[in-house]
Amino acid sequence: MIPAAFDYLAPASLDEAIDLLARHGPDAKILSGGMSLIPAMKIRLAEPAVIVDINGIPDFEYLREEGGQLHIGAMTRESAFEQSGLVRHGYPILFETAKVIADPLVRNRATIGGNIAHADPANDHPATMLAVGATIVARGPNGTREIAADDFFNGFFSTALEDGEMVTEIRVPAPTARTGSTYLKFERKVGDYAIAAVAVNLEVDEAGHCTSARIGLTNVSDVPMRARNAESALIGHAVNAKSIEAASREAAAECDPKADLRGPVEYKRDLVRVLAGRAIGRAVARAQGRTH
Amino acid sequence: MSLREIHLTVNGEARTATVENRLLLVHCIRENLGLTGTHVGCETSHCGACTIHVEGTPVKSCTMFAVQADGKSITTVEGLAGPDGISPVQEGFWEEHGLQCGFCTPGMMMTATALVRVEEEPSEAEIREAISGNLCRCTGYVNIVRAIQFAHRKIHSPAPVPVMAHEGGE
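Shown next, in the form of structure tokens:
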């Protein structure tokens, strides 16, 4: 499996990378971790004429809390989320999401920026980013702008990034004392894409009512999606077995899976129902401080 | 066809290779550098037979371009043994029969070598998780897990030196 020939450019700074992307336009493809791009190039699904390798750009891998948000450098490797105490204890949903991506060797190379910018509906971070209400920071020839995760994924493998723009940072709001969140994925084997996965991020008040809820779904629609009807079934309601069941049924109804080698539509919908119920239950328990 | 000269440290030795941009690192290692211990299995990032270390981190060398290793230090299975003989991981695979056909073994040992650096002894579940990117179709993994446990013990809790019962001096 030999990729088509390409020119290889390795910018040493973000400015240089932006210049190269502007100069080469649609011929250029950004190489971050390469865990999706290189396999696609091997089977000639992708044949970019120019590769802009951003691995050599310094200070592009970081996880730091700033102004009530976790700032994540776009080149932060998935393995860094597993190794970070800050992430593990402060942002368990990010830990759980990174931990189930591909396998440990792939995670040593794979980056969060690549996972999001690639916008594969089977990728794990998009649903989580929708659930936590992340902000995607993009930089291009006209400067830097912030894009809400809700506006970022806008089609099949398509994002709000303009030509020549690249993801530079992801910002995740810090959870409050009443936040509970989790990512639950069901896969056939380690390293596979999700048959379905559910990301839940919610808040529960002292009276046991859900005051906010955001739910993201993986690989059951063409575009990473929020389960808004499921969210509505929770918000303002007491969280109990009945409301959780109602919300999980909504999620199953509103997703839009395709039949493929991972199963028929009916199976996937029911899997979403089961996973959503479990994930909401776990998030509620965390929000109420019963578990971590 | 554009060729590029890359300079890398391979198993501690400075090496140079002239490569096409599109050459995968694993092919550079095997064909340009002549180190055929690193295997090409699936070539689709699944099997891990091509696992090497880049700057000490285990990665699948079929999913990197050789040009990306320019200026980097890499270690292949040929670099595991030291002047004193085979490494604790290699010894573990030998002692615990951690291989049958041997095809996955180079990659398995590279992953294991990174894992056993950590001082705290990994549980069996943690070992199985760590090698989940390396496929073995012979062993059923049981002896691979034992081999890694052997290596970890050898490195971090070496058997106590037998104390001779000295009675009243020499």
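Residue numbers (the numbering used here), protein chains in the order written: chain A, 516 to 807; chain B, 459 to 628.
For glycine and all other residues, C-beta sits at the position ideal for the given N, C-alpha and C.
Original post:
Which residue's Cα is closest to the Cα of A:Ser747: A:Ile730, A:Ile517 and A:Cys770?
Top reply: Locating residue 747 of chain A in the first sequence gives position 232, where the first residue counts as 1. Residue A:Ile730 is the option with its Cα nearest to A:Ser747.
**OP:** May I ask you to report which of helix, strand or coil DSSP gives B:Leu493?
**Re:** For the purposes of this step, residue 493 of chain B is taken as the residue at position 35 of the second sequence. Three-state DSSP puts B:Leu493 in coil, outside helix and strand.
**OP:** Identify the contact partners of B:Gly591 in chain A, using a Cβ-Cβ distance below 8 Å as the criterion.
**Re:** If you number the second sequence from 1, residue 591 of chain B lands on position 133. Here the neighbours are Ala617, Asp618, Pro619, Leu620, Val621, Val705 and Gly706.
Subject >> Same chain, Cβ closer than 6 Å to A:Arg801, five either side skipped, listed in chain order >> reply: What you label residue 801 of chain A is simply residue 286 of the first sequence in a count that begins at 1. Around A:Arg801: Gly695.
**OP:** State the Cα-Cα distance for the pair B:Thr521 and A:Ile631, rounded to the nearest angstrom.
**Re:** Translated into positions along the second sequence, residue 521 of chain B becomes position 63. Translated into positions along the first sequence, residue 631 of chain A becomes position 116. C-alpha separation (whole angstroms): 19 Å.
Original post:
Measuring CA to CA, which of B:Ala605, B:Asp542, B:Ser615 and B:Arg473 is closest to B:Lys530?
Top reply: As a first step, residue 530 of chain B must be located in the second sequence, where it is residue number 72. The shortest Cα separation from B:Lys530 among B:Ala605, B:Asp542, B:Ser615 and B:Arg473 belongs to B:Arg473.
Original post:
B:Gly506 versus chain C: which residues are under 7 Å apart at the beta carbon?
Top reply: Structure shown: chain C not included; protein chains present are A and B.
**OP:** Give a yes or no on whether 7 Å exceeds the smallest Cβ distance from A:Ile553 to chain B.
**Re:** Residue mapping note: residue 553 of chain A aligns to position 38 of the first sequence, counting from 1. Cβ-Cβ to chain B under 7 Å: yes for A:Ile553.
**OP:** Taking the CB atoms as reference points, tell me whether B:Ala605 and B:Gly556 lie closer together than 7 Å.
**Re:** Stepping through the second sequence from its first residue, residue 605 of chain B is reached at position 147. Stepping through the second sequence from its first residue, residue 556 of chain B is reached at position 98. Their beta carbons are under 7 Å apart, which means B:Ala605 touches B:Gly556 by this criterion.
Original post:
Any Cβ of chain A within less than 7 Å of the Cβ of B:Thr629?
Top reply: Chain B is shown only over 459 to 628; residue 629 of chain B falls outside these bounds and no answer can be derived.
**OP:** Quick one: grab the DSSP three-state call for A:Met681.
**Re:** Mapped onto the first sequence, residue 681 of chain A falls at position 166. Strand, per DSSP.
Subject >> Same chain, Cβ closer than 8 Å to A:Ala532, five either side skipped, listed in chain order >> reply: Counted from its first residue, the first sequence places residue 532 of chain A at position 17. Only Pro526, Ile545, Val567, Ile569, Ile572 and Met681 meet the Cβ criterion.
Original post:
Buried or exposed: where does A:Thr612 fall if 16 or more other Cβ atoms within 10 Å of its Cβ makes it buried?
Top reply: Taking the first sequence and counting its residues from 1, the one referred to as residue 612 of chain A is at position 97. Classification of A:Thr612: buried, given that the 10 Å Cβ count is 16 or more.
**OP:** Return the chain-ordered ranges of every alpha helix (DSSP H) run that is complete within the segment 518-564 of chain B and spans a minimum of 4 residues.
**Re:** 546-553
Original post:
Can you find a CB in chain A that lies within less than 7 Å of the CB of B:Ala583?
Top reply: Taking the second sequence and counting its residues from 1, one reaches residue 583 of chain B at position 125. Chain A, which has no Cβ nearer than 7 Å to the Cβ of B:Ala583, makes this no.
Original post:
Taking 7 Å as the CB-CB cut-off, is A:Phe521 touching chain B?
Top reply: Locating residue 521 of chain A in the first sequence gives position 6, counting from the first residue. A:Phe521 counts as touching chain B.
Original post:
Tell me which same chain residues have a C-beta within less than 7 Å of the C-beta of A:Gly778, skipping the five on either side of it?
Top reply: Indexing the first sequence from 1 puts residue 778 of chain A at position 263. Excluding sequence neighbours, A:Gly778 sits near Ile710.
Original post:
Per DSSP, what kind of secondary structure is B:Gly627 in: helix, strand or coil?
Top reply: Here the question's residue 627 of chain B lines up with position 169 in the second sequence. For B:Gly627, the predicted model reports a pLDDT of 43, less than 50, meaning its position is unreliable and no value from the coordinates is stated.
**OP:** Flag B:Glu536 as yes if its beta-carbon sits less than 7 Å from any beta-carbon of chain A, otherwise no.
**Re:** Mapped onto the second sequence, residue 536 of chain B falls at position 78. No, its Cβ sits nowhere closer than 7 Å to a Cβ of chain A.
Original post:
Under 7 Å between C-beta atoms, does A:Arg801 make it to chain B?
Top reply: Mapped onto the first sequence, residue 801 of chain A falls at position 286. No, A:Arg801 lies away from the interface with chain B (no Cβ there is under 7 Å from its Cβ).
Subject >> When A:Ile558, A:Asn669, A:Gly679 and A:Ile627 are compared against A:Asp542, the one with the closest alpha-carbon >> reply: Here residue 542 of chain A refers to the residue found at position 27 of the first sequence. Out of A:Ile558, A:Asn669, A:Gly679 and A:Ile627, A:Gly679 has the C-alpha closest to the C-alpha of A:Asp542.
Original post:
If you count every other CB in all the chains shown that lies within 10 Å of the CB of A:Glu781, and 16 or more means buried, which is it?
Top reply: In the first sequence, residue 781 of chain A corresponds to position 266, counting from 1. A:Glu781 should be labelled exposed.
**OP:** Would you mind telling me which residues of chain B sit closer than 7 Å to A:Pro518, beta carbon to beta carbon, in chain order?
**Re:** The residue given as residue 518 of chain A occupies position 3 in the first sequence. In chain order: Arg480.
Original post:
Closest Cβ-Cβ distance between A:Arg777 and chain B: below 7 Å?
Top reply: In the first sequence, the residue the question calls residue 777 of chain A occupies position 262. Judged by the 7 Å Cβ criterion, A:Arg777 is not in contact with chain B.
Original post:
What is the DSSP secondary structure of A:Tyr708, counted as helix, strand or coil?
Top reply: Within the first sequence, the letter at position 193 stands for residue 708 of chain A. Of the three classes helix, strand and coil, the one that applies to A:Tyr708 here is coil, per DSSP.
Subject >> Collapsed DSSP secondary structure at A:Ile535 in the structure displayed >> reply: Locating residue 535 of chain A in the first sequence gives position 20, where the first residue counts as 1. The sequence shown places Leu at residue 535 of chain A, rather than the Ile named in the question. Helix, per DSSP.
**OP:** Note the first and the last residue of the continuous beta strand (DSSP E) segment covering B:Leu461.
**Re:** Counting from 1 along the second sequence, the entry for residue 461 of chain B is found at position 3. Leu461 to Val468 is the span of the beta strand (DSSP E), which, as asked, contains B:Leu461.
Subject >> Boundaries (first-last residue) of the beta strand (DSSP E) holding A:Phe668 >> reply: Within the first sequence, the letter at position 153 stands for residue 668 of chain A. Phe668 to Gly670 is the span of the beta strand (DSSP E), which, as asked, contains A:Phe668.
**OP:** Tell me where the beta strand (DSSP E) around A:Phe610 begins and ends.
**Re:** As a working mapping, residue 610 of chain A is identified with position 95 in the first sequence. Note, A:Phe610: premise wrong, no beta strand (DSSP E); alpha helix (DSSP H) at Pro607 to Lys614.
Original post:
Can you list, in chain order, the residues of its chain whose CB lies under 7 Å from that of B:Ser603, leaving out five sequence neighbours each side?
Top reply: Taking the second sequence and counting its residues from 1, one reaches residue 603 of chain B at position 145. Contrary to the premise, residue 603 of chain B reads as Val rather than Ser in this sequence. Glu582, Ile585 and Arg586.
Original post:
Apart from the five residues just before and just after A:Ala564, which ones in its own chain have a Cβ nearer than 7 Å to its Cβ?
Top reply: As a first step, residue 564 of chain A is located in the first sequence; it is residue number 49 there, counting from the start. Excluding sequence neighbours, A:Ala564 sits near Phe521, Asp522 and Asp542.
**OP:** Would you mind stating whether A:Ala649 and A:Val687 have Cβ atoms separated by less than 7 Å?
**Re:** Along the first sequence, read from residue 1 onward, the residue named residue 649 of chain A stands at position 134. Along the first sequence, read from residue 1 onward, the residue named residue 687 of chain A stands at position 172. A contact, by the Cβ cut-off of 7 Å.
Subject >> Three-state secondary structure assigned by DSSP to B:His504 >> reply: Within the second sequence, residue 504 of chain B is the residue found at index 46, counting from 1. Coil at B:His504, not helix or strand.
Subject >> Same chain only: Cβ atoms within 7 Å of B:Gly626, ignoring 5 sequence neighbours per side >> reply: As a first step, residue 626 of chain B must be located in the second sequence, where it is residue number 168. At B:Gly626 the pLDDT is 46, less than 50, meaning the model places this residue with poor confidence; the figure from the coordinates comes in the next sentence. Same-chain partners within the cutoff: there are none.
Subject >> Cβ shell of B:Arg480 (< 8 Å), same chain only, five flanking positions each side left out >> reply: Along the second sequence, read from residue 1 onward, the residue named residue 480 of chain B stands at position 22. Cβ within range, chain order: Phe523.
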